[in-house]
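The structure appears right after this line, and notes come after that.
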Amino acid sequence: MQRILNALIQFRNVVLYLLLLFIALVFINGNSEFHKTIFSRYGFYVSQRFQSINHKITYFFSLSEVNKKLLDENTTLKALELQNNSIALYPDALTQKARFPFKVIGANVIKNGFLSQRNYIILGRGKAGGIQPEMAVISKNGVVGLVQDVSENYSNVISILHEDMKINVRLKNNRAFGSLAWKGKHPQDFQIEDIVTSAQIGVGDTLITGGMSSYFPVGIPLGKVVQLDSSQLDGYYTIDVKLFEDPSQVHYVYLLENQDREEIKDINQKKNP
Amino acid sequence: MTRENIVLLATFLALLFFQPFVFNQFQLFGSINPLVYILFLVLYPFDQEQALFIVLGFCLGLGIDFLGQTAGAHTVATLTTAFVRPKLIRYAYGSTAEIPARYIDDSRTFNNFLFLVFLITFHHFLYFIMVYFSWDALGLIANNTFFTSLFSLLLISLISRFYSK
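Going down the list, the sequences are from chains L and R.
Sequential numbering of the first sequence, starting at 2, is according to the working numbering.
Sequential numbering of the second sequence, starting at 2, is according to the working numbering.
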């Protein structure tokens with residue numbers, strides 16, 4: 002306190018000057034509309050600057066919240082996109098009201114890899130987050146795998162980069178379908194071996210999920226045909242496919258829950274007891 | 002109260018009266034009104050308490066503003082000039098030279114003249130900045146400062162001669 006007083010006494014002229022200057026400026030502000038306008042313009046500018054800094058800071062601290070909201074929104078949009086993709090493939094899509102039984106849940110990838118021949122992915126969401134075994138896992142631009150085991154907060158996914166994993170696919174502009182399997186080397190190089198040679202296929206054709214399994218809805222884009230080989234005599238093409246997205250580099254995935262799965266299972270069992 | 006203080010007080014009051022009612026009516030060449038009231042800032046002794054001087058400068062400017070119906074430009078200009086006067090004195094008389102106790106005591110004509118020029122130009126410049134209050138009017142501010150300073154300088158140096166002993 003003593004020091005503050007000393008400083009005040011030492012700089013009393015400056016303090017006095019600033020005080021009186023402030024009073025004078027208040028007078029000007031009160032007396033003259035012109036000065037008032039200019040002062041308020043400067044005041045507005047300064048307050049705008051502070052507001053903007055303030056906004057940036059608070060925005061920075063709310064980023065994780067914003068991120069979460071965006072992911073939620075993405076999940077909703079992903080469901081709509083899937084629905085849209087599959088409906089558009091039916092010729093009478095616009096006249097019928099199609100049912101879309103898939104529900105979408107988002108999750109973070111905790112562990113991912115492609116070094117082994119049998120790769121697994123661990124997701125940071127489990128039973129508590131609504132995940133069940135046999136749910137399909139897709140990413141922004143393709144298929145990632147199938148849920149195998151679920152714990153309370155984590156789930157184990159068989160990656161599409163697994164030698165036993167086969168996915169039913171078809172061509173976008175052609176009804177020919179087959180099974181997509183990993184070649185076991187580069188995570189984007191896949192192969193289809195069971196499309197008959199009578200089908201019209203060209204290099205560059207887009208592959209989508211076929212919808213023949215109850216796991217994936219029809220119409221998720223997967224990759225492009227890069228090479229066609231029909232030299233084998235068994236009547237089937239060997240098609241090399243490059244995926245749109247590297248499944249080992251995925252950090253956020255969407256899980257699809259088919260709400261009609263039990264129904265499909267039941268009817269299947271009744272047919273083949 | 003010494004005689005000197007009485008003279009200063011009388012000057013203060015006289016300037017407060019003459020500036021708005023006499024000098025502001027000059028309107029030389031259309032718009033130039035010499036601001037003679039800062040004669041007080043010239044005459045006030047150099048060795049007196051600075052804080053009181055700042056307050057007096059503020060009061061003088063405020064009074065001129067009230068009587069002259071202006072917004073507050075005189076107050077800001079006069080107050081600031083009073084605040085920086087010690088610096089102006091240093092520049093005018095030399096930072097190592099002996100500072101006179103009063104303006105009228107000193108016989109160094111050139112330094113006196115320099116002091117007047119500094120004080121008047123500074124004050125007028127600030128005053129016109131406050132009046133126009135816009136960077137677009139910088140040319141107008143400089144122009145007005147120059148011509149008004151010229152007339153103020155003339156009148157103030159004339160009047161200050163009457164105070165010499």
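We put the beta carbon where it would ideally sit given N, CA and C, even for glycine.
According to DSSP, residue pairing for Asp230 (chain L) in a beta bridge involves L:Thr239. Of L:Lys167, L:Ile193, L:Ala108 and L:Lys184, the smallest CA-CA separation from Asn154 (chain L) is found for L:Ala108.
Counting only the Cα atoms, Thr149 (chain R) lies some 26 angstroms from Lys37 (chain L). Taking CB atoms only, Gln51 (chain R) has a neighbour in chain L less than 8 angstroms away. Counting only Cβ-Cβ distances below 8 angstroms, Arg13 (chain L) has contacts in chain R at Ala52, in chain order. Contact between the segment 27-40 of chain R and the segment 138-156 of chain R is present, with at least three C-beta pairs closer than 8 angstroms.
The CB of Ser33 (chain L) comes closer than 7 angstroms to the CB of Ala72 in chain R, given here in chain order. Judged by their CB atoms, Asp195 (chain L) and Gly179 (chain L) are nearer to each other than the 8 angstroms cut-off. With respect to the C-alpha of Lys128 (chain L), the residue from L:Lys173, L:Gly185, L:Arg119 and L:Val148 having the closest C-alpha is L:Val148. Per DSSP, reduced to three states, the secondary structure at Phe191 (chain L) is strand. Residue pairing for Ser180 (chain L): DSSP places it in a beta bridge opposite L:Asn169. If you draw a straight line from the Cα of Gln260 (chain L) to the Cα of Glu135 (chain L), it is about 12 angstroms long.
Boundaries of the beta strand (DSSP E) around His163 (chain L): Ser156 to His163. Chain-ordered, the chain R residues with CB closer than 8 angstroms to the CB of Phe28 (chain L) read Leu63, Asp66, Ala72, Gly73 and Thr76.
Leu80 (chain R) reaches chain L at Tyr18, Leu21, Leu22 and Ala25, counting residues in chain order whose Cβ is nearer than 8 angstroms. Within the segment 42-97 of chain R, the alpha helix (DSSP H) runs of at least 4 residues that lie entirely inside it are, in chain order, 51-69 and 74-94.
Residue-level contact by beta carbon holds for Phe59 (chain R) and chain L, with a gap shorter than 8 angstroms. For Phe61 (chain L) and Val67 (chain L), the gap between their C-alpha atoms comes out near 10 angstroms. Interface residue (Cβ-Cβ distance to chain R less than 8 angstroms): Ile39 (chain L) is classified as such. Beta-bridge pairing by DSSP links Gly143 (chain L) to L:Ser140.
Put simply, of L:Val227, L:Val197, L:Ser199 and L:Glu263 the residue whose alpha carbon is nearest the alpha carbon of Thr207 (chain L) is L:Val227.
Closest option to Arg103 (chain R), judged by alpha-carbon separation, among R:Ile65, R:Ile90 and R:Leu63: R:Ile90.
What Ile55 (chain R) touches in chain L, judged by beta-carbon distance under 8 angstroms, is Asn14, Leu17, Tyr18 and Leu21, going in chain order. Within the same chain, and ignoring the five residues on either side of Asn55 (chain L) in sequence, no residue has its Cβ closer than 8 angstroms to its Cβ. At a Cβ-Cβ threshold of 8 angstroms, Phe28 (chain L) and Thr76 (chain R) count as neighbours.
Distance from the Cα of Tyr94 (chain R) is smallest, within the candidate group R:Gly140, R:Phe114 and R:Ala78, for R:Phe114.
Boundaries for Ala102 (chain R): no alpha helix (DSSP H) harbours it, and the DSSP string shows neither H nor E there. Per DSSP, reduced to three states, the secondary structure at Arg119 (chain L) is strand.
The segment 11-24 of chain R makes contact with the segment 53-72 of chain R: 3 or more CB pairs, one atom from each, lie closer than 8 angstroms.
For Ala15 (chain R), no beta strand (DSSP E) encloses it; the enclosing alpha helix (DSSP H) starts and ends at Arg4 to Phe22. For His36 (chain L), the neighbours in chain R by C-beta distance under 9 angstroms run, in chain order, Ala72, Gly73, Ala74, Met131 and Phe134.
Per the DSSP secondary-structure output, Glu246 (chain L) pairs with nothing in a beta bridge. Using a Cβ-Cβ cut-off of 7 angstroms, Phe41 (chain R) is close to nothing in chain L; its nearest Cβ partner there is about 16 angstroms away.
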